[in-house]
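Engineer: Numbering (UniProt numbering), first residue to last: 1 to 316.
1. Between residue 169 and the rest of its own chain, which residues show a CB-CB distance below 8 Å, the 5 nearest in sequence each way excluded?
2. Is there contact between the stretch 260 to 275 and the stretch 285 to 303, where contact requires at least three CB pairs shorter than 8 Å?
3. Counting along the chain, where does the alpha helix (DSSP H) carrying residue 83 start and finish?
4. Looking at residue 101: is its Cβ nearer than 8 Å to the Cβ of residue 179?
5. Tell me whether residue 68 sits in a helix, a strand or coil according to DSSP, three-state version.
6. Could you check the C-alpha separation between residue 171 and residue 120 for me, to the nearest Å?
7. With 16 as the cutoff for other CB atoms within 10 Å, does residue 1 come out buried or exposed?
8. Quick check: the stretch 62 to 73 against the stretch 271 to 283, are at least 3 beta-carbon pairs closer than 8 Å?
9. What is the DSSP secondary structure of residue 55, reduced to helix, strand or coil?
10. Just to confirm, is the Cβ distance from residue 58 to residue 278 under 8 Å?
11. Grab me the residues of residue 196's own chain with a C-beta within less than 8 Å of its C-beta, minus the 5 sequence neighbours each way, in chain order.
12. Pick helix, strand or coil for residue 228, following the three-state DSSP scheme.
13. If you drop the 5 nearest sequence neighbours on each side, which residues of the same chain put their C-beta closer than 7 Å to that of residue 116?
14. Can you grab the Cα-Cα spacing for the pair residue 190 / residue 251, in whole Å?
15. Take residue 147 and list the residues in its own chain whose beta-carbon comes closer than 6 Å to its own, dropping the five residues that flank it on each side.
16. Which complete alpha helix (DSSP H) runs does the stretch 236 to 280 hold, if anything under 4 residues is left out?
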């Protein structure tokens, strides 16, 4: 009697290997658009900018190597320090305020019941507004003489500041304008709040825990991972702020009208160096400095978060 077990096993193994190869190539096919996009639009430009940062490339003439001269110039250029400080102050003001407002709105959505879908749409719609339009909106709302914000403040007897010409109020005004797009963070927090187990609130309420302590000891720990995520994302976005400030303060029609010194954010100055003055090599060095600043801040936030972020199932 012929033993057919071995040939069948070999055939099954070969078929299994062919199936694995087909699935592997299918996976590569699905991943290829992202990989190609990453190489062409992210990794490639990053490598190119790193090379250009050691040159005096102006986008037109011949490129000459200058070694580390561009990086040394960063520490001698007072505008770099000013722009970086403006950006850090803006970020320090914007991120906590945006997260706090988004959390309040998300908690109100939790009480909206069936109407929450409508309000979620209304909160998110401003996110779709082009940043250029938001920059123009800033000038219309925060004009010191005829702006709507100062007019409303006047109704309650408050004299509004000169938001666009007083250097002390330029960044707070831009921060308030940036809250126009708080809707995306609201939606993220709303989803996180809906995943908090109801039994935790019920147990805390049975123990006589007040609303504030329930928020502090139940809500915040349960959504701390989401809070940390939005902290990272909003910090990186704030450090790269450009369009609104440039539209409001550095457009050809506005540059002589409004105080733009306090709105000289880092990416605005980088843009000026690259496309107005054609200092592409110097701008590339600025870009890498910003990249290192973002990495450093993110690492610090990640390190600190280990003490405050709670992950379900994690032993403490």
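All C-beta atoms, glycine included, are put in the ideal place defined by N, C-alpha and C.
Structural biologist: The relevant details are as follows:
1. 161, 162 and 163
2. Judged by Cβ distances under 8 Å, the stretch 260 to 275 makes contact with the stretch 285 to 303, as three or more pairs qualify.
3. 78 to 110
4. yes
5. Collapsing the DSSP output to three states places residue 68 in coil.
6. Going from the Cα of residue 171 to the Cα of residue 120 covers about 28 Å.
7. With a pLDDT of only 47 at residue 1, under the threshold of 50, the placement of this residue in the model should not be trusted, and no figure is reported.
8. Output reads yes: the stretch 62 to 73 touches the stretch 271 to 283.
9. Note: residue 55 maps to strand in three-state DSSP.
10. yes
11. 218, 219, 222 and 223
12. DSSP places residue 228 within a helical segment (H, G or I) once states are collapsed to three.
13. 109
14. 37 Å
15. 141
16. 243 to 249 and 266 to 271
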